[in-house]
């Protein structure tokens with residue numbers, strides 16, 4: 053197949069996006085789409101979580117239980133079924149094992165953690181009580197003592213105790229408890245011990261004070277409490293079973309078709325949930341999924357795979373009286389992740405050449421139709437990212453440098469380039485980026501054959517490091533460096549897909565974790581990003597904004613900082 057030039061490819065993809073966005077099922081054709089709208093306004097990343105402001109440790113007293121009070125002007129109603137449209141099947145139903153929102157859309161509301169993010173406080177990342185009625189922090193900032201709510205039961209009727217909480221965290225930390233290598237293990241690496249002195253108390257001791265500890269376990273996929281007895285009975289295999297304490301019970305799941313969650317009538321918060329059920333429809337095609345929203349066959353559209361910008365524009369201009377539409381930042385990078393143990397990617401000059409070949413502005417304009425922010429340093433746009441004035445001086449950030457890239461390729465022994473295979477996830481936004489990657493690296497002599505795989509195969513290959521380069525993306529539940537730089541770049545982290553290892557980087561990572569002063573911590577994090585700009589374990593192009601859409605009778609939903617936290621249906625209710 054003859055390769056398009058960069059400008060031709062961009063024009064073709066943009067035209068294709070417009071044509072497809074205007075298409076819909078014959079039974080309910082959408083209004084004609086207008087020209088692609090200007091990119092959504094860049095969404096700024098949030099401030100640090102309230103419960104652990106990075107300049108100081110939380111007060112050594114119990115946190116106030118419950119969520120942000122609702123407005124007295126509108127009282128929630130009980131009953132109804134929330135219909136949801138999502139884009140694919142989860143690799144499994146185990147939230148400790150998986151990293152995709154296809155899992156989270158089904159499992160989030162079936163589990164509780166010790167603490168959680170207050171969905172009513174977004175965009176602030178406010179940590180509040182969940183299974184814990186409160187917590188105390190020792191004077192040295194290392195010991196958290198959590199007091200558990202009384203009368204909590206798992207969905208099978210078994211009582212939830214501190215031993216279940218302890219076991220759930222240990223399951224992530226200990227490969228012998230059912231997970232060969234949990235992708236969340238790095239996030240609990242500072243945990244020295246977990247104790248359950250009685251059924252209602254959990255004591256977690258850290259190796260050193262950590263500013264981000266509470267926000268880390270507030271992410272349900274790290275904090276989800278499972279029933280110890282059941283997990284052991286199943287020999288650690290929770291890939292087909294959901295058994296939590298959450299507001300909704302798992303009813304069924306049919307691959308490629310649907311899933312259903314029903315109200316937990318024995319939920320420990322007696323006035324929750326409001327809904328009778330959540331019915332999810334798995335609709336792989338993004339245009340059919342949008343048509344289902346537009347015709348009210350679904351009331352809430354899952355933010356992943358992303359809504360196309362022309363579709364969002366259509367909602368804003370033609371359906372705003374019926375459907376809410378809101379853009380929000382999501383800390384997901386798009387780029388080329390290299391297996392640094394494999395030639396030729398083991399040569400930093402080749403990795404640098406790829407980064408220099410990227411026209412980041414044009415790639416964002418096509419790959420996400422402008423709905424995102426340019427990035428390159430490894431840290432999403434936030435208070436932790438390198439200043440824009442410094443980034444603008446980095447070669448390849450503001451514009452590509454093909455001549456410099458070719459020079460590096462020649463120095464690495466590839467004056468005529470080489471052929472390679474690139475691993476790609478079979479979703480529209482990932483495949484769009486992969487085509488742009490293929491076109492960009494062709495300019496420096498690299499011929500990339502795209503190896504596109506569905507979710508289960510893709511995840512298996514990337515976690516086994518069975519690839520040379522991934523033209524792909526990955527996201528985080530927060531902008532905090534512990535949950536971004538720690539996950540993707542620290543040696544032996546499960547999500548360090550390319551096997552990158554730099555002792556200096558690892559040392560700085562530990563140093564910034566221990567640094568509670570925000571200004572000093574930021575300086576260390578900036579230095580870590582400078583190392584990544586030099587080593588290029590991942591050549592990042594941009595970070596995403598996402599559009600959330602839901603019918604106006606759906607109340608209680610607030611778009612979160614990361615769509616990983618978008619599936620807590622506990623506060624949602626239907627007005628009619």
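In the working numbering, the protein residues as written are 53 to 628. Glycine included, C-beta positions come from ideal geometry on N, C-alpha and C.
How would you write the range of the beta strand (DSSP E) that residue i sits in, first residue to last?
{"i": "residue 473", "result": "470-477"}
{"i": "residue 199", "result": "195-200"}
{"i": "residue 599", "result": "590-603"}
{"i": "residue 189", "result": "184-189"}
{"i": "residue 249", "result": "243-250"}
{"i": "residue 390", "result": "375-390"}
{"i": "residue 159", "result": "Here residue 159 belongs to no beta strand (DSSP E); instead the alpha helix (DSSP H) covers 153-159."}
{"i": "residue 304", "result": "300-306"}
{"i": "residue 435", "result": "That residue, residue 435, is in no beta strand (DSSP E); it is neither H nor E in DSSP."}
{"i": "residue 295", "result": "Element bounds for residue 295: n/a, residue is neither H nor E."}
Can you check which of these residues, the options, is closest to residue i by C-alpha distance?
{"i": "residue 193", "options": "243, 448, 409, 214", "result": "243"}
{"i": "residue 612", "options": "144, 380, 511, 457", "result": "380"}
{"i": "residue 238", "options": "436, 215, 265", "result": "265"}
{"i": "residue 399", "options": "495, 463, 418", "result": "463"}
{"i": "residue 432", "options": "484, 358, 386", "result": "386"}
{"i": "residue 297", "options": "359, 191, 321", "result": "321"}
{"i": "residue 495", "options": "409, 437, 129", "result": "409"}
{"i": "residue 358", "options": "614, 625, 626", "result": "614"}
{"i": "residue 596", "options": "383, 404, 235, 553", "result": "383"}
{"i": "residue 535", "options": "268, 501, 552", "result": "268"}
{"i": "residue 394", "options": "199, 472, 280", "result": "472"}
{"i": "residue 552", "options": "537, 366, 526", "result": "537"}
{"i": "residue 525", "options": "501, 479, 558", "result": "479"}
{"i": "residue 126", "options": "156, 605, 528, 523", "result": "605"}
{"i": "residue 449", "options": "563, 555, 594, 164", "result": "594"}
{"i": "residue 436", "options": "143, 576, 504, 213", "result": "576"}
{"i": "residue 506", "options": "131, 136, 142", "result": "142"}
{"i": "residue 312", "options": "157, 574, 503", "result": "157"}
{"i": "residue 247", "options": "522, 236, 213", "result": "213"}
Going by beta-carbon coordinates alone, are residue i and residue j separated by less than 7 angstroms?
{"i": "residue 270", "j": "residue 169", "result": "yes"}
{"i": "residue 240", "j": "residue 223", "result": "no"}
{"i": "residue 134", "j": "residue 327", "result": "yes"}
{"i": "residue 353", "j": "residue 601", "result": "yes"}
{"i": "residue 550", "j": "residue 392", "result": "yes"}
{"i": "residue 217", "j": "residue 254", "result": "yes"}
{"i": "residue 421", "j": "residue 476", "result": "no"}
{"i": "residue 329", "j": "residue 314", "result": "yes"}
{"i": "residue 419", "j": "residue 138", "result": "no"}
{"i": "residue 460", "j": "residue 401", "result": "yes"}
{"i": "residue 427", "j": "residue 581", "result": "no"}
{"i": "residue 610", "j": "residue 171", "result": "yes"}
{"i": "residue 128", "j": "residue 603", "result": "no"}
{"i": "residue 182", "j": "residue 165", "result": "yes"}
{"i": "residue 469", "j": "residue 498", "result": "yes"}
{"i": "residue 411", "j": "residue 447", "result": "no"}
{"i": "residue 259", "j": "residue 397", "result": "no"}
{"i": "residue 291", "j": "residue 144", "result": "yes"}
{"i": "residue 434", "j": "residue 567", "result": "no"}
Check the C-beta distance from residue i over to residue j and give it rounded, since I have them as a contact under 8 angstroms.
{"i": "residue 220", "j": "residue 278", "result": "5 angstroms"}
{"i": "residue 388", "j": "residue 591", "result": "4 angstroms"}
{"i": "residue 561", "j": "residue 588", "result": "Between residue 588 and residue 561 the Cβ distance is about 18 angstroms, and since that is not below 8 angstroms, they are no contact."}
{"i": "residue 350", "j": "residue 309", "result": "Not a contact, Cβ separation roughly 14 angstroms."}
{"i": "residue 148", "j": "residue 234", "result": "6 angstroms"}
{"i": "residue 554", "j": "residue 583", "result": "6 angstroms"}
{"i": "residue 616", "j": "residue 527", "result": "7 angstroms"}
{"i": "residue 302", "j": "residue 325", "result": "The Cβ separation is near 14 angstroms, so there is no contact."}
{"i": "residue 256", "j": "residue 196", "result": "5 angstroms"}
{"i": "residue 509", "j": "residue 483", "result": "Incorrect: roughly 15 angstroms between the Cβ atoms, too far for contact."}
{"i": "residue 186", "j": "residue 199", "result": "6 angstroms"}
Could you check whether the Cβ of residue i sits closer than 7 angstroms to any Cβ belonging to chain D?
{"i": "residue 225", "result": "Protein chain content of the structure displayed is limited to a single chain, and chain D is not contained in it."}
Note the first and the last residue of the continuous alpha helix (DSSP H) segment covering residue i.
{"i": "residue 569", "result": "Looking at the DSSP string, residue 569 is not in any alpha helix (DSSP H), and its letter there is neither H nor E."}
{"i": "residue 260", "result": "Looking at the DSSP string, residue 260 is not in any alpha helix (DSSP H), and its letter there is neither H nor E."}
{"i": "residue 402", "result": "400-409"}
{"i": "residue 509", "result": "507-515"}
{"i": "residue 425", "result": "Premise fails: residue 425 lies in the beta strand (DSSP E), 424-426, not in any alpha helix (DSSP H)."}
{"i": "residue 365", "result": "361-370"}
{"i": "residue 273", "result": "272-275"}
{"i": "residue 541", "result": "533-541"}
{"i": "residue 180", "result": "Here residue 180 belongs to no alpha helix (DSSP H); instead the beta strand (DSSP E) covers 179-181."}
{"i": "residue 461", "result": "454-463"}
{"i": "residue 526", "result": "No alpha helix (DSSP H) contains residue 526, which is instead part of the beta strand (DSSP E) from 521-527."}
(message) With three or more beta-carbon pairs closer than 8 angstroms as the criterion, would you say the stretch 437-451 touches the stretch 481-498?
(response) no
(message) Under 8 angstroms: do the stretch 325-342 and the stretch 368-376 share three or more Cβ pairs, one atom per stretch?
(response) no
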